[in-house]
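Accompanying notes for the structure given below.
Protein chains in written order, with the numbering used here: chain G, 412 to 842; chain S, 9 to 171.
Structure representation (C-alpha cells):
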C-alpha cells in the first residue's frame with residue numbers, strides 16, 4: 412500500500428514539474444496503478460470507460476454553454492460597457508482604478524462563470540490603464556488574477572457545477588451561497604487597494620452625473636445576466652444547465668441584434684474557441700475521473716484519511732473543515748482545480764456530511780479554496796492565462812500575489828468562523 | 009466541434025421553450041447533448057494537441073537553457089505518445105466490448121458503441137500529431153510545440169520591466 416501510494420504521488424509530481432501537459436501525470440499514475448499493481452486483475456480499458464463516464468453527467472453541459480456566453484460577450488460590447496459603467500461610478504475616487512478593476516471582475520464573473528474569461532475580458536483593457544496610472548505591473552497583474560477568482564464564487568460558477576455533480580449537492584443552492592463570500596472578497600480587495608492606491612490626482616477626472624446615468628443605461632442590458640441565471644433557477648423555469656443555454660441566447664441577441672457587433676463569422680470563431688476550452692477542461696475531467704476511480708479501487712483515500720490524517724466523522728467541525736481547506740489548497744497549488752475537486756471530493760465530502768456539516772457550506776468552502784489555489788503558485792490556471800495574455804514570464808506574474816493570498820485566506824477563516832456568510836442567503840432564498 | 013457547441017446551445021433552448029411554452033419536453037435532448045460533449049472533448053483534444061494548447065506547469069521549464077528545453081520537450085512528446093498509444097488500444101477494446109453488449113440509447117436508438125468510437129478516433133488524431141511533432145523536433149533545430157507551432161525564442165526574457 413505504501414509502495415503504491417508513494418509511486419502514485421512520485422510519478423505525478425515528477426511529471427508535473429517536468430512540464431508535462433496536466434493530463435499526462437494523471438493518466439500515467441492511473442495506468443501505473445492498474446498495470447503494475449493490478450496487472451491482469453482489472454482490464455485497463457476501464458480507464459476509457461471512466462473518461463467517458465466522467466464527462467457525460469448532464470449538469471456538465473452547462474460548462475461549454477457558460478464558456479460560450481463569456482466568449483460572445485468578450486468579443487462583443489458587453490464587457491466594455493460594464494467597464495465604462497464601473498469606471499464612471501468609482502474611477503475618480505481614491506484607489507478608484509484598482510477598486511473599479513476588482514468590481515468589474517466581480518460583475519463579469521456574474522456574467523460568465525469562468526475565471527479565465529474574466530482575466531481576458533477585464534484584465535485586457537484594465538491592466539494598461541492601471542500601469543498608466545502609476546501602479547506597478549506586478550501589482551496590476553496580481554490584482555486582476557485574484558479579483559477574477561471572485562468569478563468562481565459568484566454564480567454562475569464552473570467549479571461549483573463540477574462540485575455539485577461530484578458530490579450530489581444542489582447547484583442552485585451553491586450558487587446563492589457563493590454570493591456572500593464573493594462579495595466579502597471584493598470588499599477586502601477594495602480595502603487593500605485603498606491602502607496601496609496612488610493619490611487620486613493620477614486618476615480620471617470627476618464625471619458629471621448625466622454621464623454616469625448614460626453609462627448606466629449603456630450597461631443596463633449586460634447587467635441583466637445575473638437576473639436570468641438566478642431568477643430562472645429559483646422560479647423553477649429552468650435548471651442551472653438550461654440557465655446557461657438561455658444566457659448564450661441572451662448574449663447572442665444582445666451582441667448580434669441589439670449592439671449589432673457580432674457577425675456570423677465571429678459567432679463561429681466563438682464556438683470554435685469554446686470547443687477548445689471545453690475540450691481542454693473535459694480532458695482533465697475525464698483523466699481526473701479515471702484517476703479518482705483507480706485510487707478508490709485501490710482504497711488509497713480511506714488509507715490516507717483514516718490512517719494518515721486520523722480523520723473521521725467524530726473529529727469535530729474545526730478539524731474536518733481545516734483538513735478540507737488544507738487538502739484543497741495544497742492540491743490546487745499543484746493541479747488544476749477541476750481535477751482537485753474530482754479527486755478529493757469523494758474522499759472528504761462523505762466525512763463532512765456524516766459529521767453533520769451542511770453540504771452547501773462544505774461546497775462553498777471548497778470552491779473558495781479552489782479559487783485561492785487558482786492564483787497560487789506553483790500551479791494556478793489564472794497564472795498561466797495571465798502569462799499568455801499579458802506576455803509576462805511566470806515569475807513576473809506571481810511576484811505581486813502574496814498580499815492577495817493572505818486576504819483570501821482571511822476570507823476562508825471568516826467563512827469557517829461565521830458560516831452564516833454562506834448559509835444565511837441560502838436559507839433566505841430556499842427555506 | 010463548432011457543430012457540437014451550436015447543437016447543445018440550440019437544443020437546450022428548444023427544450024426550455026417546449027417545456028415552458030408548449031408544455032412537453034424533448035426526450036432526445038439529453039442524449040444528443042451527451043453525443044456532442046463526447047464529440048467536443050475528443051475532437052477538441054486532437055485540436056488542442058495540434059494547437060499546443062495544454063495546461064502545463066512551466067516554472068522550471070521556463071528557466072532552462074534552450075538545449076535542455078528541447079530535450080525535455082522531445083522526452084515529453086515521446087512519453088505522451090506512448091501513453092496515448094496505450095489509451096488508443098484500450099479505447100478500441102472498450103468500444104469493442106460495448107459493441108458486443110449491443111446497448112442503444114433509448115430515445116435516439118443509436119448504439120452506444122457508435123458514439124463511444126469517437127474516443128479512439130480522437131486519440132488516433134492525437135497520436136498522429138505527437139508522432140509528427142516528435143519527428144520534426146528530431147530533424148529540425150527549432151523547438152516545435154506542435155507540428156505547426158514553434159516556441160518563440162526565449163519568451164521569458166523581460167518583456168516589461170517591473171518598476
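All C-beta atoms in this analysis are idealised placements derived from N, C-alpha and C, irrespective of residue type, glycine included. The structure presented is a predicted model; accordingly, all values stated were derived computationally and were not measured.
At the level of alpha carbons, what is the spacing between residue 535 of chain G and residue 562 of chain G?
Residue 535 of chain G and residue 562 of chain G: Cα-Cα distance of roughly 16 Å.
By the three-class DSSP mapping on this structure, what secondary structure does residue 492 of chain G have?
helix
Figure out for me which residue from G:773, G:657 and G:755 has the closest Cα to the Cα of residue 18 of chain S.
G:657
With distances taken between CB atoms, is the gap from residue 569 of chain G to residue 474 of chain G smaller than 8 Å?
yes
Let me confirm a value: residue 486 of chain G is counted as buried when at least 16 other C-beta atoms fall within 10 Å, else exposed. Which label applies?
buried
Expressed to the nearest angstrom, what Euclidean distance is found between the alpha-carbon atoms of residue 681 of chain G and residue 14 of chain S?
10 Å
Looking only at its own chain, which residues have a Cβ that is under 7 Å from the Cβ of residue 692 of chain G, when we skip the five neighbours before and after it?
Only residues of its own chain outside the window of five on either side were considered, and among them 474 and 749 have a CB closer than 7 Å to the CB of residue 692 of chain G, listed in chain order.
Give me the Cβ distance between residue 787 of chain G and residue 752 of chain G, rounded to the nearest whole Å; I'm assuming they're in contact under 8 Å.
No, residue 787 of chain G and residue 752 of chain G are not in contact; Cβ-Cβ is about 16 Å, not under 8 Å.
Taking C-beta to C-beta, are residue 775 of chain G and residue 585 of chain G nearer than 8 Å?
yes
Please work out which residues of its chain come closer than 7 Å, Cβ to Cβ, to residue 468 of chain G, disregarding the five sequence neighbours upstream and downstream, and give them in chain order.
576
Compare the C-beta of residue 14 of chain S against all C-beta atoms of chain G and say whether one is closer than 8 Å.
So yes, residue 14 of chain S belongs to the interface.
Cβ neighbours of residue 106 of chain S in the same chain (closer than 6 Å, five flanking residues each side left out)
120, 121 and 124
Reduced DSSP secondary structure (H/G/I, E/B, other) of residue 770 of chain G
helix
Would you list, in chain order, the members of the segment 110 to 140 of chain S that have their beta-carbon closer than 8 Å to a beta-carbon of chain G?
124 and 127
Is residue 467 of chain G close to chain S, meaning its C-beta is less than 8 Å from at least one C-beta of that chain?
yes
Measure from the C-beta of residue 107 of chain S to each C-beta in chain G and report whether the shortest distance is under 8 Å.
no
Separation of residue 621 of chain G from residue 690 of chain G, as counted between CA atoms
46 Å
Can you list, in chain order, the residues of its chain with a C-beta nearer than 7 Å to that of residue 738 of chain G? Leave out the 5 residues immediately preceding and following it.
755 and 759
Tell me which residue opens and which closes the alpha helix (DSSP H) that residue 469 of chain G is part of.
It is not in any alpha helix (DSSP H) - residue 469 of chain G carries neither H nor E in the DSSP assignment.
Whose C-alpha, out of G:424, G:481 and G:412, is nearest the C-alpha of residue 448 of chain G?
G:412
Counted within 10 angstroms of its Cβ, other Cβ atoms place residue 149 of chain S as buried (16 or more) or exposed
Counting Cβ neighbours within 10 Å, residue 149 of chain S comes out exposed, since fewer than 16 surround it.
Using a Cβ-Cβ cutoff of less than 8 Å, which residues in the same chain neighbour residue 646 of chain G once the five nearest sequence positions on both sides are dropped?
none
Buried or exposed: where does residue 439 of chain G fall if 16 or more other Cβ atoms within 10 Å of its Cβ makes it buried?
buried
Is residue 539 of chain G buried or exposed, if buried means 16 or more other CB atoms sit within 10 Å of its CB?
exposed
What residues in its chain sit with their C-beta under 7 Å from that of residue 735 of chain G, if we drop five residues either side in the sequence?
Contacts found: 759, 763, 773, 776 and 777.
Within chain S, the residues that residue 743 of chain G reaches when beta carbons sit closer than 9 Å:
Under the 9 Å cutoff, chain S gives no residues; its nearest Cβ is about 12 Å from residue 743 of chain G.
Return the first residue and the last residue of the alpha helix (DSSP H) that residue 152 of chain S is part of.
Element bounds for residue 152 of chain S: not the alpha helix (DSSP H) but the beta strand (DSSP E), 152 to 154.
Alpha-carbon spacing of residue 824 of chain G relative to residue 113 of chain S, whole angstroms
47 Å
Strictly by DSSP, which residues pair up with residue 158 of chain S?
S:152
What do you get for residue 452 of chain G, buried or exposed, if any count of 16 or more other CB atoms within 10 angstroms of its CB means buried?
Looking at its Cβ environment, which holds fewer than 16 other Cβ atoms inside 10 Å, residue 452 of chain G is exposed.
Counting only runs of 4+ residues fully inside the segment 415 to 460 of chain G, write out the alpha helix (DSSP H) ranges in chain order.
434 to 443
Any beta-carbon of chain G closer than 8 Å to the one on residue 79 of chain S?
no
State yes or no: is the beta carbon of residue 812 of chain G nearer than 8 Å to at least one beta carbon in chain S?
By this cut-off, residue 812 of chain G is not an interface position.
Euclidean distance between Cα positions of residue 672 of chain G and residue 701 of chain G:
42 Å
Please say whether residue 592 of chain G and residue 768 of chain G have beta carbons closer to each other than 8 Å?
In this structure, residue 768 of chain G sits away from residue 592 of chain G, with a CB-CB distance that is not shorter than 8 Å.
Contact list for the segment 647 to 662 of chain G against chain S, Cβ threshold 8 Å:
648, 649, 652, 653, 655, 656, 657, 659 and 660
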